[in-house]
Structure formats: structure tokens, C-alpha cells
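>
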Amino acid sequence: MCGIVGILGDHEVAPIILDALKRLEYRGYDSAGIATLHEGAMYRRRATGKLVALSDLLVNDPIRGKAGIGHTRWATHGAPTLANAHPHQVGPVAVVHNGIIENFRALRKELTADGVRFETETDTETVAHLAARELARGKSPEEAAAATVARLEGAFALAFLFEGEEDLMIAARRGSPLALGYGVNEMFIGSDALALAGMTRRVCYLEEGDLAVIRRAGAVIHDASGAVVERDILEVSASNAVAEKGNHKHFMEKEIHEQPTVATYALSHYTHTVDGEHASAHAGPATVDFTAYDRIVMVACGTAHLACHVAKYWFEQVARLPVEIEVASEFRYREPPVSPRTLAVFVSQSGETADTLAALRYMAGKAETIAAVVNVPESSIARESDLVFPIFAGIEVGVASTKAFTCQLIVLGALAVLAARQRGVIDRTQETRLVSALETVPGAMAEVLRDEKLFPPLCWHLAKADDILFLGRGAMYPLALEGALKLKEISYIHAEGYASGELKHGPIALIDESVPVIVMAPSDALFEKTVSNMQEVMARGGRILLISDAKGLQAAGEGTWQQIEMPDVDPFVAPIVYALPAQLLAYYTAVTKGTDVDQPRNLAKSVTVE
Ligand code: F6R
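Going from the sequence shown to the numbering used here is simple: count from 1 and add 18.
#1: Are A649 and R401 touching if we call contact CB-CB under 9 Å?
#2: Less than 8 Å between C-beta atoms, sequence neighbours within five positions excluded: which residues of the same chain meet that for H300?
#3: In whole angstroms, give me the CA-to-CA distance for P80 and A164.
#4: Would you kindly check if the distance between the Cβ of I388 and the Cβ of S403 is under 9 Å?
#5: Name the residue from L339, E370, S357 and F333 whose alpha carbon lies nearest to the alpha carbon of A346.
#6: For T9, collect the residues of the same chain with a Cβ closer than 6 Å to its Cβ; drop the 5 residues on either side in sequence, then sort them by chain order.
#7: Is it buried or exposed, V609, if we count other Cβ atoms within 10 angstroms and call 16 or more buried?
#8: Which residues mark the beginning and the end of the beta strand (DSSP E) in which Y200 is found?
#9: Give a single yes or no on whether A368 has its beta carbon closer than 8 Å to a heavy atom of the ligand F6R.
#10: How long is the line joining the alpha carbons of L521 and L339, rounded to whole angstroms?
#11: Have a look at A455 and D586 and give me their C-alpha separation to the nearest angstrom.
#12: Measuring straight from C-alpha to C-alpha, what distance separates R155 and T218?
#13: Any heavy atom of the ligand F6R closer than 8 Å to the beta-carbon of S15?
#14: Going residue by residue through the stretch 429-506, where are the continuous beta strand (DSSP E) segments of at least 3 residues, counting only ones entirely within it?
#15: Around the C-beta of K267, are 16 or more other C-beta atoms found within 10 angstroms, so that it is buried, or is it exposed?
#16: Output the boundary residues of the alpha helix (DSSP H) element that contains H323.
#17: Taking the Cβ atom as the reference point for each residue, do Y516 and L489 lie within a distance shorter than 9 Å?
#18: Would you please state the rounded distance, in angstroms, between the beta carbons of A213 and V23? I believe it to be under 8 Å.
#19: Is the separation between the beta-carbon of I239 and that of I87 shorter than 9 Å?
#20: Exposed or buried, G559, counting other C-beta atoms within 10 Å across all chains shown (16 or more means buried)?
#21: Is there at least one non-hydrogen atom of the ligand F6R closer than 8 Å to the beta-carbon of L39?
#22: Just tell me which of A304, P159, R64 and P358 has its CA closest to the CA of V315.
#23: Do A32 and L69 have their beta-carbon atoms positioned less than 9 Å apart in this structure?
#24: Buried or exposed for P593, going by 16 or more other Cβ atoms inside 10 Å?
#25: For E507, verify whether its CB is less than 8 Å away from any heavy atom of the ligand F6R.
#26: What do you get for F333, buried or exposed, if any count of 16 or more other CB atoms within 10 angstroms of its CB means buried?
#27: Return the bridge partner residues of L252 from the DSSP annotation.
#28: Measure the beta-carbon distance from A318 to V356 and round it to whole angstroms, keeping in mind my assumption that it falls under 8 Å.
#29: Taking N116 as part of the beta strand (DSSP E), name the residues at either end of that continuous run.
#30: Would you check if the stretch 230-246 and the stretch 566-580 touch, i.e. whether three or more CB-CB distances between them fall below 8 Å?
#31: So does the stretch 442-452 actually touch the stretch 244-251, counting three or more Cβ pairs closer than 8 Å?
#32: Considering only their Cβ atoms, is the gap separating H327 from Y596 smaller than 9 Å?
#33: Where does A259 land, buried or exposed, given buried means 16+ other C-beta within 10 angstroms?
#34: What three-state label does DSSP hand N258 in the structure shown?
#35: Could you check which residue in L196, R135 and L430 has the C-alpha nearest to that of V108?
#36: Apply the 10 Å Cβ neighbour rule to N203 and answer buried if 16 or more other Cβ atoms are within range, or exposed otherwise.
Dropping the structure here:
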């Protein structure tokens with residue numbers, strides 16, 4: 019999604035803005051631009067493609083100024099062309115924007131009738147025209163920005179810069195996050211704390227409807243009603259170091275490898291030893307009583323939704339607590355009735371996903387309790403929840419979620435065990451067994467990574483396929499979905515995940531020797547049934563890549579095309595550990611194909627539009 023940076027500084031800002039935009043690259047973008055003010059005049063440079071193009075342009079045609087705004091654009095309205103790149107300038111106003119102005123067509127019509135000629139296809143240009151019109155009518159920049167924002171519908175974050183006003187930026191937030199950074203006689207704007215890393219750690223997150231009038235000495239923040247309000251300034255933990263790749267070729271590779279460490283860290287927050295003997299689960303930094311609920315509704319998007327899918331098995335099988343799961347984009351429009359004693363759980367790595375946030379807002383006041391399982395505790399989803407369960411995965415930069423998924427699972431697994439104990443479904447001994455199983459996860463992950471060298475030759479074969487199927491049963495079914503999602507998003511190979519038993523109800527028609535079938539099946543109670551499904555595939559010339567433990571591989575017998583041996587883990591935690599081969603298959607297939615692993619085409623890290 020688009021990234022916003024703004025600086026009222028003490029030095030030339032263009033290089034600093036460029037650096038901050040680089041920290042936002044992970045969000046996904048297809049063009050970028052910067053506008054600065056120097057001796058009262060506005061200067062603007064924009065380029066399509068990666069930031070290196072903007073950087074080259076600035077070397078050949080530099081711009082001066084100690085005040086400026088910058089933007090990485092992820093195209094929504096209009097192609098990723100130079101004309102559509104931000105900042106948009108109309109007369110003395112420059113604007114950068116994240117999100118969508120829903121009523122831009124009506125505004126465009128109104129402005130066109132007023133004699134305005136549009137130069138771009140963007141919704142953002144209407145904002146610049148509205149502000150310029152207000153200035154032309156004699157309003158001050160502050161009044162013009164406020165009047166402009168008041169005309170807009172939708173979910174957005176905006177930053178304005180005005181010619182002749184070198185000590186002024188205006189920022190507005192409605193729906194899309196925006197943070198203010200406080201320096202020493204310097205002020206910053208960023209679409210997240212990472213944008214501000216290296217410039218300041220003193221950050222204030224604007225609230226819904228806020229408009230901030232920013233000068234080097236500080237900011238005056240108005241709430242949605244126009245009243246001046248105080249917002250907390252926090253010390254944030256984001257630093258430059260966490261966004262480095264280290265020795266790894268890609269962030270995704272680094273994040274896959276971080277999993278044994280961050281899983282340990284997540285576990286240390288949600289499990290502990292009692293009486294020196296029993297292992298026990300708890301609610302991390304929160305307090306929750308699962309006896310207060312009759313059911314859980316879990317809502318999320320993409321990979322986070324698949325984590326909910328796994329958690330449903332756990333909460334229902336281990337804690338006997340009914341769970342409904344749904345993708346956020348469907349849930350909010352279905353307007354489901356909400357019974358009392360419902361715990362609504364929203365799972366999101368970023369904590370900013372627009373659909374998940376909107377679903378949360380739908381449930382607020384209807385569900386008994388709103389809980390967030392998030393990686394960013396300062397995020398909107400966390401801030402609007404009654405209970406927050408951080409996953410402690412650390413900043414995830416690769417667009418394809420890896421370590422956040424496994425940390426979500428660890429936290430949800432621990433909560434399911436806690437729910438089971440609180441509801442009297444398991445005793446201390448059973449709890450100890452389950453928590454001990456969770457505690458084996460980091461070691462098992464490390465074991466998978468030790469055999470990483472097996473993956474590139476396998477993926478060399480997969481990279482030649484046009485279609486790949488993933489199969490799984492029980493809690494491994496969501497893993498089959500996750501394996502397919504990961505593969506298609508970074509390698510661009512068409513992949514589908516199916517419940518193994520569903521194969522013969524349709525997808526088996528696709529099977530021939532050109533379609534690899536990846537079966538994720540630990541040797542658990544369902545294994546024999548999966549073997550039968552594999553026989554059905556092999557009988558039709560299909561090639562099976564079986565991912566199982568030693569016992570499973572042996573029991574599967576002859577005939578599989580390829581095998582990946584997994585450590586022998588408790589079936590309870592198998593979905594967490596089996597995420598790693600799914601990630602490695604996707605990663606090495608993408609590397610073989612030479613696709614952009616960390617920023618796959620058309621995708622964004624934080625999807626802040628519907
Ligand atoms: C896939 C992926 C996405 C996200 C989804 C939700 O690898 O990363 O499917 O899981 O966009 O994002 P969050 O978790 O930030 O709400």
C-alpha cells in the first residue's frame with residue numbers, strides 16, 4: 019500500500035525522505051515522488067517503478083529545501099504512470115495520499131463544472147484541486163485543508179504542503195494510519211513508525227478524524243469535531259536495524275530463518291512452568307476468562323485467516339469451544355447476527371488491514387469482547403480492541419507472511435490450551451502435554467531449516483509446473499491452503515489447496531503427470547485416509563510430493579515422486595512446524611523462477627484499502 023513521509027527539518031530533506039521511502043518499500047508500490055519547498059517555491063520530482071529511478075532522477079536533477087513530502091504509490095485509481103504518481107500539485111498545494119477517496123467522481127464532476135481540467139486519473143488530484151480552490155477563495159492553508167478534508171468520503175491519510183509556507187505541513191487521518199514524529203525543532207509524518215525510524219522514536223499516532231497542523235516547534239491536533247486535542251506521544255521500538263536483510267538474499271528468507279527464535283520469544287510470553295513440574299498456558303500480557311463465552315468468531319484476511327482456520331480445530335477439539343471463521347471482506351457485508359457471550363477475535367500481522375478493521379468496527383458493541391491477535395501493538399486493530407494478544411514476531415518486511423503466521427499459531431495454540439483448562443476440559447497433566455508440545459516447536463523448526471538444502475533441487479522441478487495442488491486433512495487442510503497461497507503469491511504459479519477427501523469431488527479431474535500434488539500429512543490418526551487419497555492420485559499418473567515424518571514416509575510405501583522428511587512432532591503442533599516446508603517450497607520455487615520474492619507483483623504488505 020502507499021507510503022507517506024513528510025519532514026519539516028533542519029537539513030536538506032530530499033535525501034532523508036528518499037531514505038524513509040526505502041523503509042516503506044516493503045508495503046509494495048509502483049511509483050514514487052517527492053515535493054520540497056525552497057525559498058518559497060515548490061519543487062517536485064516523480065518516477066515510475068522502483069525507488070532507484072527516483073533516486074537517479076534526484077541525482078541528475080536535484081531539488082533543494084528543508085521542508086518536503088514524499089510518497090510511494092500503489093496504484094488504485096489509474097495506472098502506475100508518471101502523471102498519476104504523487105505528490106500531486108495544483109497551484110500552490112502539493113498532496114500525498116494513502117487510501118481511497120470514495121466520492122472522488124462526484125467531486126471531479128463538480129470541479130470540472132467549475133472549469134477545472136484534470137491531468138491525472140487519480141482520486142488524489144481532486145484533493146489538490148479542492149484545496150487550491152479554497153486557497154483561491156481566500157482561505158488560509160489550515161482552513162483550506164480542513165475544508166477540503168470535510169468534503170471527502172472514504173478511508174484515507176493525507177499530507178499537504180503549501181508554497182510560501184516553509185514551516186507548515188498538514189496531515190489528516192481517516193481510516194488509514196498516520197503517525198507524527200517529534201524531533202528537536204523538527205517534525206515528521208509517516209504512514210507507520212518504520213518510516214520514522216532513524217529520524218525519531220517519539221511518535222504520536224493520529225486518531226480517526228484527526229487533522230494536524232504541523233510546524234517545526236510541534237503540532238496542533240484537531241479531532242473530527244474541530245476541537246484541539248492532546249494525543250499521547252509514545253516511545254516506539256522500531257529501529258533501522260530490524261529492517262536490514264543481514265546475510266540473507268531476501269527479507270523472506272531472513273524471516274523464515276528467524277522462526278525458531280521468534281517462536282521461542284512468543285512462547286515465553288504465553289507459557290510458563292508451574293510448581294517446577296507442570297507446563298501451563300496463559301494469556302500473555304492480557305487477562306481473559308474463556309468461561310465467559312459460548313463461542314468465538316474469528317475474522318481475518320489471507321494468511322492470517324488461514325491461521326484462524328487452524329485455530330478453529332484447536333479451540334473446538336481441545337477446548338470444546340465452537341468457533342466460526344470468516345474472511346473479513348465477506349463478514350462485514352454479511353451483517354451476521356451476533357449472539358451474546360461471543361468473543362470476537364481479529365487476527366492481523368499489520369493490525370491495519372482495512373477489511374479486518376471494518377469487521378472489527380462492525381462487531382464493536384455487538385460482541386461481548388473484541389480481541390486482537392496482532393504483530394503491531396500500536397496498530398489500529400490493537401487500539402480498538404478490548405484485549406490485545408501480541409505475537410512478538412518482530413517487524414515482518416517480506417510481503418509474503420511467514421514468521422507472523424507461525425507466531426499467530428503459537429499464540430492461538432496457547433490460548434486454546436488456556437481455554438481448555440479454564441473450561442475444565444483438560445486437567446493439569448493434559449495441559450502439560452499440550453504446552454510441552456508447543457515448546458518443541460522452535461527445535462523442530464530448526465531441524466527443518468537444517469535440511470533446507472533439500473529444497474532447491476525439488477523446487478527446480480516445481481518451477482516448471484503451470485499448476486500445483488496441495489492436499490491436507492484435519493488441521494493440515496488450512497496448511498494446504500497456506501502452501502498454495504504462499505506459492506502462488508511469490509512464484510506466480512497457479513496453486514490450489516484442497517482437503518484431501520475433497521479431491522474426488524472435482525479437482526481429481528485436473529490430475530495428470532504435469533500437475534505436482536503436494537501432500538502435507540504427518541503420521542497422525544488421519545494418515546491412512548490420506549494414503550488412500552494419494553493412491554487415487556498416483557493411479558491417474560499424478561506425481562506426489564509427500565511431506566511427512568519418517569513413520570509416515572515409510573507407511574506411504576512405494577510410488578511417491580518426491581519426499582520431504584519432517585521431524586516427528588505431536589499432531590497438535592504439526593500445523594505450525596509444517597508451515598516451514600510450505601514456505602521453503604514457495605521461496606525456492608520463486609528464487610528459481612527469478613521473481614521478486616519480497617515485493618511480488620500487484621501485492622502490498624499492508625492492505626489498507628477494501
Ligand atoms: C500472504 C499475506 C496476506 C496477509 C493479509 C492480511 O502471505 O501476507 O495474505 O496475510 O493481507 O494481512 P494482515 O495480517 O496484516 O491483516
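Ideal placement from N, C-alpha and C gives every residue a C-beta, glycine not left out.
Taking the coordinates as given:
#1: Only positions 19 to 628 of the chain appear in this structure, which leaves residue 649 out of reach.
#2: Counting only Cβ-Cβ distances below 8 Å, and skipping sequence neighbours, we find Y288, T289, H290, A432 and L436.
#3: Approximately 32 Å between the Cα atoms of the pair.
#4: Yes, the pair counts as a contact, with Cβ atoms nearer than the cut-off.
#5: Nearest Cα to A346 within the set L339, E370, S357 and F333: E370.
#6: Here the chain covers residues 19 to 628 and nothing more, so residue 9 does not appear.
#7: Around the CB of V609, 16 or more other CB atoms lie within 10 Å, so the residue is classed as buried.
#8: In the DSSP annotation of this structure, the continuous segment of the beta strand (DSSP E) that includes Y200 starts and ends at A197 to Y200.
#9: Just to set this straight, residue 368 is Ser in the shown sequence, not Ala. Distance from the C-beta of S368 to the nearest heavy atom of the ligand F6R is below 8 Å.
#10: L521 and L339 have their C-alpha atoms roughly 29 Å apart.
#11: The straight-line gap from Cα to Cα measures roughly 11 Å.
#12: Straight across, the Cα-Cα distance linking R155 with T218 is about 37 Å.
#13: Because the chain spans 19 through 628 in this model, residue 15 falls outside it and cannot be assessed.
#14: The stretch 429-506 contains, as complete beta strand (DSSP E) runs of 3+ residues, the segments 485-490 (chain order).
#15: It counts as exposed.
#16: Under the DSSP assignment, H323 falls in the alpha helix (DSSP H) whose first and last residues are G320 to A337.
#17: A Cβ-Cβ contact shorter than 9 Å links Y516 with L489.
#18: A213 to V23, Cβ: 5 Å. Contact.
#19: No; because the gap between Cβ atoms is not below 9 Å, this pair is not in contact.
#20: Flag for G559 reads exposed.
#21: L39: no, Cβ never under 8 Å from the ligand F6R.
#22: Of A304, P159, R64 and P358, the residue nearest in Cα terms is P358.
#23: No.
#24: Burial call: buried.
#25: Yes, since a heavy atom of the ligand F6R falls inside the 8 Å radius drawn around the Cβ of E507.
#26: Residue burial annotation: F333 is buried, with at least 16 other C-beta atoms found within 10 angstroms of its C-beta.
#27: Under DSSP, L252 shares a beta bridge with V221.
#28: Not quite, the Cβ-Cβ distance comes to about 17 Å (not below 8 Å), so this is no contact.
#29: Segment V111 to I119, the beta strand (DSSP E) holding N116.
#30: The stretch 566-580 is not in contact with the stretch 230-246.
#31: Judged by pairs of C-beta atoms under 8 Å, the stretch 442-452 does not touch the stretch 244-251, as fewer than three such pairs exist.
#32: For Y596 and H327, no; Cβs fall outside 9 Å.
#33: Low per-residue confidence applies at A259: pLDDT is 41, beneath 50, and the placement is therefore not dependable, though the value from the model is reported in the following sentence. Here A259 is exposed. Its C-beta has fewer than 16 other C-beta atoms within 10 Å.
#34: With a pLDDT of only 43 at N258, under the threshold of 50, the placement of this residue in the model should not be trusted, and no figure is reported.
#35: Ranking the options by Cα distance to V108, first place goes to R135.
#36: Its Cβ having fewer than 16 others within 10 Å, N203 is exposed.
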